[in-house]
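Structure first, then comments.
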Amino acid sequence: MSRAAIAVLAGDGTGPEVTAQAVEVLQRVGELFHHTFTFQHCLVGLAAVKADGEAISVDTLGACARSDAILFGAVGGTLHEGAGPRPELALSRLRTTFDLYANIRPIKPFEALDLASPLRSEYLKGTDMVFVRELSAGLYYGHLETVAGKPSEIRRRGAQLEAIDTLTYTESEIERVVRTAFEIAGRRGRRLTSVDKANVLSSSVLWRRVVDRVARDHPAVTYEHMLVDTCAMRLIRSPADFDVLVTENLFGDILTDAASMLTGSIGMLPSASLGARRTEHGLFGLYEPVHGSAPDIAGLNLANPIGTILSAALLLRYSLGLHREAAAVETAVEEVVQAGYRTADIHYCDQSESTVVGTRELGRQIRDRLRP
Ligand code: NAI
Ligand code: MG
């Protein structure tokens with residue numbers, strides 16, 4: 001029996017629809033496994049801009065700080081007309097406030113949906129990997145502004161313009177995300193691939209050194225270094241070879257998007273952003289589907305809630321240490337997909353045998369299949 005406080009930031013567009021399904025799944029998990037989960041709903045994104053004049057208020061950040069985890073839908077949308085702060089700022093505020101430096105993306109194609117993948121099913125068989133992408137440093141930081149020793153600008157150089165971005169990593173920035181990755185690998189298949197470009201980049205040379213050092217604390221995990229170009233090739237040629245991968249910000253951004261397409265639909269994919277802050281049984285984190293607010297289908301009961309429901313499973317695993325409960329949610333999702341229930345985004349791949357349902361009905365099917 002455990003207790004947990006969860007901040008729910010549903011956000012804009014389809015965010016509230018998919019988040020509602022994930023909350024109901026968590027409530028059902030609470031009933032079945034005898035846990036007490038409390039949910040605090042807060043405004044974020046466009047709604048917060050309207051109400052408070054900012055994408056996320058200090059009060060909401062405070063509510064998040066008093067929680068064990070944040071369940072996040074999506075922010076942004078067509079309604080934003082350039083007046084007021086951009087709703088997307090909410091995410092960067094949350095990331096910096098809680099120093100969420102490790103972005104976790106599991107990638108596991110569903111066998112029943114193998115037609116949705118651009119790869120032939122024999123290449124996909126057994127694919128089940130987790131990406132750990134460094135999220136706080138590297139090239140992406142400061143968005144076209146020079147911050148403390150990291151120029152990022154377009155400037156004049158003689159007769160022409162030149163542009164500069166700076167890729168820096170400190171040892172501690174590398175070490176903390178690499179430690180997260182080794183810990184995750186230790187609880188999974190015990191294999192870790194660290195991805196870099198050490199034949200060209202100094203930051204990658206340091207990255208390798210730190211990985212080798214942290215590895216000594218994790219003798220049960222087998223690890224390898226892989227160049228990012230080789231990794232890109234192998235992700236497509238033999239995705240089942242990977243277990244956990246860890247890499248820096250830019251490489252992670254590109255590789256995770258490429259790998260996510262192995263599963264066929266963006267609506268299916270969960271993510272977690274973790275930092276060093278601890279909860280009673282795990283790490284504080286922000287959990288959200290990989291997709292955005294999908295304003296084109298908002299309010300129509302069409303959105304696929306699976307990415308958000310699987311994010312709730314990650315919340316149970318990483319922030320609450322409830323591994324059995326997380327697995328129960330993942331199993332229920334697999335069963336529903338196996339049984340042929342599909343939202344429209346994944347229906348096209350096998351029209352003959354499946355039943356098209358809406359967001360709410362798919363959520364209900366998943367809840368009904370949860371077993372302690
Ligand atoms: P998007 O992911 O919202 O939508 C891309 C396409 O995928 C659309 O056709 C949409 O209908 C479809 N789609 C997305 N999620 C789906 C789901 N659960 N079920 C079925 N179909 C789904 O990306 P887009 O259109 O580029 O961005 C829309 C807004 O979302 C923008 O304001 C963007 O800034 C914001 N955004 C927010 C993110 C976040 O909150 N983390 C991440 C990405 C985008
Ligand atoms: Mg991306």
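Residues in the sequence shown are numbered from 1 upward in steps of one, following full-length UniProt numbering.
The beta-carbon is built from N, C-alpha and C at its ideal position, and this holds for glycine as well.
Cross-strand partners of residue i (DSSP beta bridge)
| i | result |
| --- | --- |
| Glu-134 | Ala-102 |
| Thr-38 | Ala-5 |
| Leu-26 | Looking at the DSSP assignment, Leu-26 forms no beta bridge with any residue, so it has no partner. |
| Gly-11 | Ala-74 |
| Arg-160 | At residue 160 the sequence reads Gln, which differs from the Arg that was named. Note: Gln-160 sits in a beta bridge opposite Arg-157. |
| Ala-69 | Ile-6, Gly-285 |
| Val-290 | Partner(s): none; Val-290 has no beta bridge. |
| Leu-356 | Going by the sequence as given, residue 356 is Val instead of Leu. DSSP, once it has assigned bridges, lists Arg-342 as partnering Val-356. |
| Ala-272 | Ile-104, Tyr-287 |
| Ala-129 | The question names Ala, but residue 129 is Met in the sequence shown. According to DSSP, which records beta bridges pairwise, Met-129 is partnered with Ile-107. |
Coarse secondary structure for residue i, derived from DSSP in three states
| i | result |
| --- | --- |
| Lys-150 | strand |
| Asp-193 | One detail in the question is off: residue 193 reads as Thr in this sequence, not Asp. If DSSP states are grouped into helix, strand and coil, Thr-193 belongs with the strands. |
| Pro-372 | coil |
| His-281 | coil |
| His-347 | coil |
| Leu-224 | Just to set this straight, residue 224 is Glu in the shown sequence, not Leu. Residue state, collapsed to three classes: strand. |
| Tyr-140 | coil |
| Leu-245 | strand |
| Ile-56 | coil |
| Gly-84 | coil |
| Tyr-169 | coil |
Proximal residues to residue i (C-beta, below 7 Å), its chain only, five neighbours per side dropped
| i | result |
| --- | --- |
| Arg-179 | Val-214 |
| Leu-139 | Asp-165, Leu-167, Asn-249, Leu-250 |
| Leu-302 | Thr-343, Ala-344, Gly-358, Thr-359 |
| Ala-51 | Leu-43 |
| Ala-181 | Val-132, Leu-192, Val-244, Val-246 |
| Ile-297 | Thr-14, Ala-303 |
| Pro-118 | Met-261 |
| Gly-76 | Asp-12, Gly-45, Pro-87, Glu-88, Gly-292, Ser-293 |
| Glu-54 | Ala-48, Pro-85 |
Same chain, Cβ closer than 8 Å to residue i, five either side skipped, listed in chain order
| i | result |
| --- | --- |
| Met-129 | Pro-106, Ile-107, Lys-108, Pro-239, Phe-242, Asp-243, Val-244, Leu-245, Ala-259 |
| Ala-47 | Gly-11, Asp-12 |
| Leu-370 | Val-25, Arg-28, Val-29, Leu-32, Ala-328, Val-329, Ala-332 |
| Pro-372 | Leu-32, Phe-33, Ala-328 |
| Leu-201 | Leu-167 |
| Ser-194 | Val-178, Ala-181, Trp-207, Arg-208, Val-211, Tyr-223, Glu-224, His-225, Met-226, Leu-245, Val-246, Thr-247 |
| Glu-171 | Leu-206, Val-210 |
Cβ-based neighbour list, residue i, same chain, cut-off 6 Å, excluding 5 preceding and 5 following
| i | result |
| --- | --- |
| Thr-127 | Pro-109, Pro-239, Ala-240 |
| Gln-40 | Ala-7, Ala-63 |
| Ala-5 | Thr-38, Ser-67, Asp-68 |
| Trp-207 | Ile-174, Asp-196 |
| Thr-36 | Arg-3 |
| Gly-84 | Val-49 |
| Leu-235 | Ala-259 |
Problem set entry | the stretch 20-40 / the stretch 103-110 touching (three or more Cβ pairs under 8 Å) | With a cut-off of 8 Å, the stretch 103-110 and the stretch 20-40 do not count as touching, because too few Cβ pairs lie within range.
Exercise. Is the stretch 213-227 close to the stretch 182-199, with three or more CB pairs under 8 Å?
Worked result: With a cut-off of 8 Å, the stretch 182-199 and the stretch 213-227 count as touching, because enough Cβ pairs lie within range.
Problem set entry | Validate contact between the stretch 278-288 and the stretch 63-72 using beta carbons, cut 8 Å, 3 pairs | In short, these stretches touch, since the Cβ pair count reaches three.
Exercise. Hey, is the stretch 317-326 in contact with the stretch 82-98, meaning 3+ C-beta pairs nearer than 8 Å?
Worked result: Taking one beta carbon from each stretch, the stretch 317-326 and the stretch 82-98 have fewer than 3 pairs nearer than 8 Å; the two do not touch.
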